[in-house]
Amino acid sequence: MADIKKPNRFSGLMQTIRKESDSVTSPATPAISPSPEPESATLSAQMTSHQSEVIWVPLNKIHRDSGQDRRYFDEIELNNMAKSMRSVGVIDPLSVRLRPGSTDEYDLLAGEKRHRSAERAKLESVLVRIFEVGDSTAEDIKSISNLQRSDLNAWEETHAIMNMLTRHLDRSQSEVISLLNQAANQKRGLTSNVVRIEDWEIVKDVFEIAGRLSPESFRKHRLPLLRLPEYIQTVFQQGKLHYTKVNEILKVKDPVQQQELLESALAGNLSIDQIQERVKTLRSTKPEKLMDLPQRLVMVPRQLKQAKIWENPQKKKKLEKLLSEMEQLLKQPEANG
1 MADIKKPNRF SGLMQTIRKE SDSVTSPATP AISPSPEPES ATLSAQMTSH
51 QSEVIWVPLN KIHRDSGQDR RYFDEIELNN MAKSMRSVGV IDPLSVRLRP
101 GSTDEYDLLA GEKRHRSAER AKLESVLVRI FEVGDSTAED IKSISNLQRS
151 DLNAWEETHA IMNMLTRHLD RSQSEVISLL NQAANQKRGL TSNVVRIEDW
201 EIVKDVFEIA GRLSPESFRK HRLPLLRLPE YIQTVFQQGK LHYTKVNEIL
251 KVKDPVQQQE LLESALAGNL SIDQIQERVK TLRSTKPEKL MDLPQRLVMV
301 PRQLKQAKIW ENPQKKKKLE KLLSEMEQLL KQPEANG
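So, in structure tokens, the structure goes:
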């Protein structure tokens, strides 16, 4: 007998928000009541969309989430949308929930692009659709709404997926990474540790919602983005450079050369072929000379932190001896003349 496929735990949310768009030209959509969530779902309590609760709300009573996954919005698109709003207003209601403890303040769940454009258009009030949801479901609505966007960049998509995984697996980011690695090793027969079926069902449901990635492609190609230097993550957040170009830039190991190439790629809007050519040149060029002594001394503490020297008794003993010699050298009086 064939296995019966369980419904995706997020199907109710998907039905509710799938027609949400950042368009001001599409016809207004009626309030949608989501289908019941599957019994196995871990979403918090009931989620209801009040069909009578599509109302006008002052724009300044709606609060955006400063920590949401989507960070970058194209300036030209925002201005064009604001221009259209001045003529026709906001046709599609924004999705909100009543802010906990308040009677007239709202948290924005979906429609941040429209909200930002409405501010630029200087609209006083906008239409909203009010949802009664708990904190966990509110976060899911934000993440799923973002994952449906065609213009979501790789950094935003990676964080949206990771946030859903950490919430529903109730694990830290590092624990989620370990689980994905464990699943990959299990598939290759490299480990006897088996991923719990319940956990893997959650993983599959999240990636089914994401649509564009499998757990394995996410593990191989997206997890490295979480370990990038801060200045490169900033570029990602702003959507200034595609991650395939950044992957090429990261092949340059010298931090100074790496940052210079990144800045050149941004300033000159370099193609991936141009970046690859520069990477090839940089990697084939030998350094003209070693760093001078002060530079080498500055690098030592950083290298010590990264090295596993403390786990090697012989190296640790040798390091203690060298450190003692340095301390003795520094205590010696300077020679005159």
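By the UniProt record's numbering, the letter at position 284 of the sequence shown is numbered 284, and the numbering carries on one by one without gaps. Don't be surprised by glycine CBs; every beta carbon is placed ideally from N, CA and C.
- Short of 8 Å from the beta carbon of L270, and not among the five residues preceding or following it, lie these beta carbons of its own chain, in chain order: K245, S264 and R278.
- Boundaries for Y243: no beta strand (DSSP E) harbours it, while the alpha helix (DSSP H) harbouring it runs Y243 to I249, taken from the DSSP string.
- Sequence-distant partners of V235 (beyond 5 residues in either direction) whose C-beta falls short of 8 Å from its own C-beta, in its chain, are L241, V246, L262 and L266.
- Counting other Cβ atoms within 10 Å of its Cβ, N146 reaches 16 or more and is therefore classed as buried.
- DSSP lists R129 as the beta-bridge partner residues of V54.
- Shown here, Y106 sits in a strand according to DSSP, grouped into three states.
- Here V96 is bridged, per DSSP, to L108 and I130.
- The straight-line gap separating the alpha-carbon atoms of K317 and T191 is approximately 35 Å.
- Your pair M85 and L123 checks out as a contact, with CB atoms roughly 6 Å apart and the cut at 8 Å.
- Contact between R99 and E139 fails: their C-beta atoms lie close to 15 Å from each other, not under 8 Å.
- By a beta-carbon distance limit of 8 Å, Y72 contacts Q237. Their separation comes to about 6 Å.
- Contact annotation, D69 with E156: C-beta distance approximately 5 Å; criterion of less than 8 Å satisfied.
- DSSP places I177 in the helix class (H, G or I) of the three-state scheme.
- Residue burial annotation: P333 is exposed, with fewer than 16 other C-beta atoms found within 10 angstroms of its C-beta.
- Between F10 and the set I232, I141 and K251, the nearest pair of CA atoms involves I141.
- Rounded to the nearest whole angstrom, the C-alpha separation of L127 and P215 is 38 Å.
- Per DSSP, reduced to three states, the secondary structure at I202 is helical.
- By the neighbour-count definition (other C-beta atoms within 10 Å, threshold 16), T103 is an exposed residue.
- The DSSP-derived three-state label of I91 is coil.
- S95 is positioned such that its CB atom lies no closer than 8 Å to that of R64.
- Apart from the 5 residues on each side of it in sequence, S324 has no Cβ closer than 6 Å to any other Cβ in its chain.
- The closest CA to that of I272, considering only Q328, N193 and I249, is found on I249.
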